[in-house]
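Each residue of the sequence shown is one higher than the last, beginning at 1 in full-length UniProt numbering. Using N, Cα and C, we set each Cβ at its ideal position, and we do this for glycine too. These notes concern the structure reproduced below.
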Amino acid sequence: MSNYEFSLRQEVLLEKGADILGSLFHFARNNHISPSDKKDPVNVVYGLVWNAKSSILGADTEAELDRIETQFDFARKFYAGIEA
Numbered sequence: 001m002s003n004y005e006f007s008l009r010q011e012v013l014l015e016k017g018a019d020i021l022g023s024l025f026h027f028a029r030n031n032h033i034s035p036s037d038k039k040d041p042v043n044v045v046y047g048l049v050w051n052a053k054s055s056i057l058g059a060d061t062e063a064e065l066d067r068i069e070t071q072f073d074f075a076r077k078f079y080a081g082i083e084a
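Here it is in structure tokens:
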């Protein structure tokens, strides 16, 4: 993968992470879930996505980006399950 392709993938993952964070934030707000309740599953997944998103630009390998994308995929499935 070229440097350009790697950077493009990072950008796509940043957008994907932002979308997931927004969805989880709105769900929590609409369902009166306090952001300070660190044990609530929505906040746990939000924290997972936040940490993964924060590590995107520091990633040096495709494997690191794959792990981040896997975490995002999990979060999307979680959100789909609670939103259904």
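Same chain, Cβ closer than 7 Å to residue i, neighbours up to 5 away in sequence not counted
i, result
"LEU48", "GLN71 and ALA75"
Chain-order list of residues whose beta-carbon lies under 6 Å from that of residue i (same chain, five-residue window excluded)
i, result
"LYS53", "GLY17"
"ASP40", "ILE33"
"PRO35", "none"
Beta-carbon separation (whole angstroms), residue i vs residue j, contact threshold 8 Å
i, j, result
"ALA28", "VAL44", "Actually they are not in contact, since the Cβ atoms of ALA28 and VAL44 sit about 11 Å apart, beyond 8 Å."
"residue 92", "LEU13", "Outside the shown range of the chain (1 to 84) lies residue 92, about which nothing can therefore be said."
N-terminal and C-terminal residue of the alpha helix (DSSP H) that residue i is part of
i, result
"residue 85", "Outside the shown range of the chain, which is 1 to 84, sits residue 85, and nothing can be said about it."
"ILE82", "62-83"
"LEU21", "3-30"
Own chain residues within Cβ distance below 8 Å of residue i, not counting five before or after
i, result
"GLN10", "ILE56, LEU57, ALA59 and LEU65"
"ASP37", "ASN43"
| Hey, is the stretch 18-29 in contact with the stretch 75-84, meaning 3+ C-beta pairs nearer than 8 Å? | Verdict: yes, contact present.
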